[in-house]
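Structure, as structure tokens:
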Amino acid sequence: MVELDWNNVPKDMCPVCKTDKYLSPEIQFKINPECYHKICDSCVDRIFSLGPSPCPYPNCGKILRKNKFKTQIFDDLEVEKECDIRRRVLSIYNKKEHDFASTEVYNKYQEEIEDIVYRMLYKIDIEKTEEQLKEYSIANKQSIRLNNARRDQEYEKFIRLQKLEKQYKSERIRLNRLIVQEQTNLKSLEKIKAMDQLQESSEEKDPDAVIKSVKESMKKQSSKYKKQLEDLHKKYKRQKEAIIKNQQSSSKKNQDAALRVPFTPFDGDRLSPKPYHLDPSKYKDPYLEKMVSDVQFKAGGYKLDDYYERSLNEAFTGLNCFIEEEKVN
Amino acid sequence: MTSSEDLTPPPKKPRTVSNDDLYRRSTQYRYWSFTQSKLEDLRVLANKKGRVLTHKRLEDLDPSLDEAKMIKENDVAQFPYVSLDEELKIITYYARKCQDLANFFHLPSQARSTAIIYLYKFYLTYSVMTYHPQHIMYTCLFLAAKVENSFIGINNFSKAIPKTSPESILQYEYLILQTLRFSLRCHHSYQPLYGFYLDIQQLLPKVDRKRLGQSCDHARDLVGESLFFDVNFLFTPPQIALACLWRSDDILVERYLAKKLGLKRKQKETDGAEAEAEAEAEAEAGAEAETETETETEAEAETKTEAEAKTDTETKTDTKPPKTEEGEVPPQQRFDKMFQTIKKCSRLIDQASRNPSVEEAKDISSKIRYCLEPLRYGRKLLKQRIAISEIVEEANTKRSVSTESEQTSKRQKTQ
Chain Y
1 MVELDWNNVP KDMCPVCKTD KYLSPEIQFK INPECYHKIC DSCVDRIFSL
51 GPSPCPYPNC GKILRKNKFK TQIFDDLEVE KECDIRRRVL SIYNKKEHDF
101 ASTEVYNKYQ EEIEDIVYRM LYKIDIEKTE EQLKEYSIAN KQSIRLNNAR
151 RDQEYEKFIR LQKLEKQYKS ERIRLNRLIV QEQTNLKSLE KIKAMDQLQE
201 SSEEKDPDAV IKSVKESMKK QSSKYKKQLE DLHKKYKRQK EAIIKNQQSS
251 SKKNQDAALR VPFTPFDGDR LSPKPYHLDP SKYKDPYLEK MVSDVQFKAG
301 GYKLDDYYER SLNEAFTGLN CFIEEEKVN
Chain H
1 MTSSEDLTPP PKKPRTVSND DLYRRSTQYR YWSFTQSKLE DLRVLANKKG
51 RVLTHKRLED LDPSLDEAKM IKENDVAQFP YVSLDEELKI ITYYARKCQD
101 LANFFHLPSQ ARSTAIIYLY KFYLTYSVMT YHPQHIMYTC LFLAAKVENS
151 FIGINNFSKA IPKTSPESIL QYEYLILQTL RFSLRCHHSY QPLYGFYLDI
201 QQLLPKVDRK RLGQSCDHAR DLVGESLFFD VNFLFTPPQI ALACLWRSDD
251 ILVERYLAKK LGLKRKQKET DGAEAEAEAE AEAEAGAEAE TETETETEAE
301 AETKTEAEAK TDTETKTDTK PPKTEEGEVP PQQRFDKMFQ TIKKCSRLID
351 QASRNPSVEE AKDISSKIRY CLEPLRYGRK LLKQRIAISE IVEEANTKRS
401 VSTESEQTSK RQKTQ
């Protein structure tokens, strides 16, 4: 058996278990951004499911964790590496052009980013670069978080737009197909109809007029679908605009929500000043007093004041509803 | 937070909702409150439906039967339909029965009142010619006890009432629920009355507590009595409560309402202090006298009401419309309106009650039975005819015997 060259692992083979893509076509390779060594999916499961372990490649020895493994996107590992680094740097250096006073400053900023990426990729002054990154992230903590949030929002918007467009396109295709279908249908139908009519009333009517009427009815039918299509287009445009404007409107909504009155069963409204003044000290009811002084009633949490209030409330609920006037209709 | 509020005004000013608006949302207001004319219309309609149904029953009779023939012979127009007035009487009769039955079961007044209201509500949609009120009454009571949280088991319930079975009571339950439009809540006037009792104590601290308690007790009885009149469909519970209180103690309610609606203060402003002081002294004197003897107070009360009525009319003519905020009705108007309503309500309770005598009730009840089962009527007619024919025969034989005897006597004479 040929000894495996660890520095030059064949493309379609896992160096750990030696499984080949030829024998098991469903094999999937994963890499860890710590060392970018490729290991197959089942090996990752086997080795790292019990917790962090060192990389199985000889002379590597980096401690890897299972949750950091990811599928390789680019064939070239160098590209993959650069993308990861860039993503990391950009999540910290995440200012946009309009955050800067002039283009020059912005260009300088971009230059800085490129420098960092380059140095990290080729491991030049790596400690110093890391330090720089850390310093920057601490200094701009607030703005970084804000910008990230903004980016997330934009991304979400983008996804929504994409979804909308997809929907719109499929709907449009469906309608177009319907139109075409209808047209062919109508054409054949028209022929039959025209023939029928011509046969039936060959003497009374002008054949040209008959054909004309049939054609008109056909046009009407197809125009129905065209109208639907137009409507769809309009709707799509409207929704698109809504999504683009969404950022402002949603923030506005939040503001409104803060000002809105909390829910009540009667449309966000409040009881008007009560028509009575609750003053339990002035009420005397010999019967109830006897009851309240009884411990048995008190033990259950019976509150006389609640009863008073309820009675008073009922006394003024509907006092000014004059049915004879209000129910005339 | 405050800054943002300053920047943008609140989107909608919260509308205020009064207790009355709350009441307007209740099913009692929405489904079961009518103007007087509408109420009458409903009853006429129900009666008409009942007549049509009875008529159909008559036509469906097997014409070969003797009884059916009898009915046909005996002019159809003479068939004993139940009139509108009789309907009301019999319903009231059974409502009273319902009350007795509820007392027998020791049900609280709340449940008892609800049962009575259910019964009246049911017969706004149906006629007694469609369903016999006796059966409906049992089911109403059973249902009301259940609704008002004093449930009686159906077996115990039907055991206590002769000639009923659980099935016979339960079979109408769904029908009644449907007729009530599934609105089971009844707002009664007992609680509002108690509310007024409290509010009067707070607003008029000088009032003699003993007397107040007595008039409230009396008013409570009146509230129970008011169930047998249409006031529950025509007025709101607090109005009925006030009307009952007014019937038991009119001066008290007048004084209370005047103070409540801020009438007295306005009077002071316009009329000057003299009249006010007089009224005040009078009221106090009255209050003192009231504690001494009851007969006296009644006499005084009458005179006082007259006096107050006078002052009332005077103030009406004298007072310039008091300045009030925009859209607000001046207290005088509000007072008058409230008073008119209360008086109207009280008059309705006062009206000659529909209580029928036992004989009358029996008569109507048998009529209902005939409507429900026309065959019975036929049978009765048949019996009548047989009886009549028997009498006639008897008479005939008697006559023939007498003529014979006469003849013989004549013969004897001639001989």
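As you go down the protein sequences, you meet chains Y and H in turn. In this text, residue positions in the first sequence follow the UniProt record's numbering: the first is 1, and each later residue adds one. In this text, residue positions in the second sequence follow the UniProt record's numbering: the first is 1, and each later residue adds one. For every residue, glycine included, the Cβ atom is placed at its ideal position computed from N, Cα and C. In this text, all values refer to a predicted model and were calculated from it rather than measured experimentally.
Residue i in three-state terms, based on DSSP
i: I240 of chain H; result: helix
i: M291 of chain Y; result: helix
i: M137 of chain H; result: helix
i: S143 of chain Y; result: helix
i: L261 of chain H; result: coil
i: P374 of chain H; result: helix
i: K227 of chain Y; result: helix
i: I391 of chain H; result: helix
i: M13 of chain Y; result: strand
i: A287 of chain H; result: Note on A287 of chain H: pLDDT 43, under 50, position unreliable in the model; no value is reported.
i: V17 of chain H; result: strand
i: F322 of chain Y; result: coil
i: L64 of chain Y; result: strand
i: Q267 of chain H; result: For Q267 of chain H, the predicted model reports a pLDDT of 47, less than 50, meaning its position is unreliable; a value from the coordinates is still stated below. In the structure shown, Q267 of chain H sits in a helix (DSSP, three-state: H, G or I).
i: C40 of chain Y; result: strand
i: Q192 of chain H; result: Correcting the residue type first, residue 192 of chain H is Pro in the shown sequence and not Gln. P192 of chain H falls in the helix class under three-state DSSP.
i: P54 of chain Y; result: strand
i: K70 of chain Y; result: strand
Distance between beta carbons of residue j and residue i, contact taken as under 8 Å
i: I169 of chain H; j: F196 of chain H; result: No, I169 of chain H and F196 of chain H are not in contact; Cβ-Cβ is about 37 Å, not under 8 Å.
i: P280 of chain Y; j: D305 of chain Y; result: 5 Å
i: S90 of chain H; j: V44 of chain H; result: As written in the sequence, residue 90 of chain H is Ile, which differs from the Ser given in the question. I90 of chain H to V44 of chain H, Cβ: 16 Å. No contact.
i: I200 of chain H; j: Y256 of chain H; result: 5 Å
i: N19 of chain H; j: F316 of chain Y; result: 5 Å
i: V253 of chain H; j: L263 of chain H; result: Not quite, the Cβ-Cβ distance comes to about 13 Å (not below 8 Å), so this is no contact.
i: K62 of chain Y; j: P54 of chain Y; result: 7 Å
i: V9 of chain Y; j: C40 of chain Y; result: Not confirmed; about 11 Å, so no contact.
i: E67 of chain H; j: L382 of chain H; result: 6 Å
i: Q36 of chain H; j: E324 of chain Y; result: 7 Å
Closer than 7 Å at the beta carbon, the chain H residues around residue i
i: S293 of chain Y; result: Under the 7 Å cutoff, chain H gives no residues; its nearest Cβ is about 18 Å from S293 of chain Y.
i: V214 of chain Y; result: Result: empty, since nearest Cβ-Cβ is about 56 Å, beyond 7 Å.
Chain Y residues whose Cβ lies nearer than 7 Å to that of residue i
i: Y23 of chain H; result: T317, G318 and C321
i: S33 of chain H; result: I323 and K327
i: Y194 of chain H; result: S311
Residue j beta carbon less than 8 Å from that of residue i
i: L58 of chain H; j: I71 of chain H; result: yes
i: I251 of chain H; j: V223 of chain H; result: no
i: Y194 of chain H; j: S293 of chain Y; result: no
i: P133 of chain H; j: Y172 of chain H; result: no
i: E309 of chain Y; j: Q191 of chain H; result: no
i: S189 of chain H; j: P237 of chain H; result: yes
i: A46 of chain H; j: Y123 of chain H; result: yes
i: C345 of chain H; j: V231 of chain H; result: yes
i: I116 of chain Y; j: Q132 of chain Y; result: yes
i: E182 of chain Y; j: Y225 of chain Y; result: yes
i: Y23 of chain H; j: G318 of chain Y; result: yes
i: Y136 of chain Y; j: Y93 of chain Y; result: yes
Of the listed residues the options, nearest to residue i (C-alpha basis)
i: K18 of chain Y; options: Y:N32, Y:Y36 and Y:S42; result: Y:S42
i: L105 of chain H; options: H:Y120, H:A145, H:H132 and H:L84; result: Correcting the residue type first, residue 105 of chain H is Phe in the shown sequence and not Leu. Comparing Cα-Cα distances from F105 of chain H to each of H:Y120, H:A145, H:H132 and H:L84, the minimum goes to H:A145.
i: R238 of chain Y; options: Y:E165, Y:R88, Y:E130 and Y:K327; result: Y:E165
i: L23 of chain Y; options: Y:T184, Y:K274 and Y:M13; result: Y:M13
i: T125 of chain H; options: H:I154, H:K38 and H:Q340; result: H:K38
i: D21 of chain H; options: Y:K327, Y:N329 and Y:N320; result: Y:N320
i: K245 of chain Y; options: Y:R174, Y:L161, Y:K290 and Y:Q167; result: Y:L161
i: S49 of chain Y; options: Y:R65, Y:K123 and Y:N59; result: Y:R65
i: K96 of chain Y; options: Y:L198, Y:R119, Y:V89 and Y:Y106; result: Y:Y106
i: K191 of chain Y; options: Y:N176, Y:L178, Y:I179 and Y:V210; result: Y:V210
i: K159 of chain H; options: H:L175, H:Y29, H:L101 and H:I388; result: H:L101
i: L186 of chain Y; options: Y:A194, Y:K163, Y:L232 and Y:M218; result: Y:M218
Proximal chain H residues relative to residue i, where beta-carbon distance stays under 8 Å
i: Y283 of chain Y; result: L198, Q201 and Q202
i: H277 of chain Y; result: Q202
i: Y302 of chain Y; result: By Cβ distance, chain H contributes nothing, its closest Cβ being about 16 Å from Y302 of chain Y, past 8 Å.
i: Y308 of chain Y; result: L198
Chain H residues whose Cβ lies nearer than 9 Å to that of residue i
i: N32 of chain Y; result: Going along chain H, no residue has its Cβ under 9 Å from N32 of chain Y, so there is no contact; the nearest lies around 48 Å.
Partner residues on chain Y for residue i, Cβ-Cβ distance less than 8 Å
i: K38 of chain H; result: K327
i: Y120 of chain H; result: Those do not exist, as Y120 of chain H stays about 16 Å from chain Y at its closest Cβ, beyond 8 Å.
i: L234 of chain H; result: I323 and E324
Proximal residues of chain Y, C-beta to C-beta of residue i below 9 Å
i: D60 of chain H; result: Correct list: empty, because the minimum Cβ distance to chain Y is about 39 Å.
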